[in-house]
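Q: Right, I'll just put the structure down here and ask away after.
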Amino acid sequence: MSLPPEKASELKQIIHNHLLKIDIHGKIREVLAETVRDDKDSTHRSLSETDFLHALQRRGIIDDVMKDLHFTQVATFTGVSDL
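The sequence shown runs 19 to 101 under this note's numbering.
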């Protein structure tokens, strides 16, 4: 699905405003600090992106981001009548 540039820009702005409203940057910083702190205790391996994503999921950050964003697919009609 491709959006016209003005609609893509509008969608980006909606998402940006939502992320600001829920203070996503602050939440990510908190989870990262906590994950790094917890990882210092386990010296057997380094922190991976997967570890961090799991930490975000455990804290419900990803669900928080998605719960207020509702997307609906708009049907486009081609003008061809049904047989």
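Positions of the beta carbon are idealized from the N, C-alpha and C atoms, including for glycine.
Please state the DSSP three-state secondary structure of residue 27.
A: Along the sequence shown, read from residue 1 onward, the residue named residue 27 stands at position 9. Three-state DSSP puts residue 27 in a helix.
Q: Look at residue 70 and residue 49 and say whether their C-beta atoms are less than 9 Å apart.
A: Sequence index remark: in the sequence shown, residue 70 carries index 52 (1-based). Sequence index remark: in the sequence shown, residue 49 carries index 31 (1-based). For residue 70 and residue 49, yes; Cβs fall inside 9 Å.
Q: By the 10 Å Cβ neighbour count, where 16 or more other Cβ atoms means buried, how is residue 73 classified, buried or exposed?
A: For this step, residue 73 is matched to residue 55 along the sequence shown. Result: buried.
Q: How many angstroms separate the CA atom of residue 65 from the CA atom of residue 54?
A: Position 47 of the sequence shown, counted from the start, is the residue given in the question as residue 65. Position 36 of the sequence shown, counted from the start, is the residue given in the question as residue 54. Cα-Cα distance, rounded: 7 Å.
Q: If residue 79 and residue 46 are in contact, beta carbons under 8 Å, what's the gap, nearest whole angstrom?
A: Residue 79 sits at position 61 when you count from the first residue of the sequence shown. Residue 46 sits at position 28 when you count from the first residue of the sequence shown. That pair is a contact at about 7 Å.
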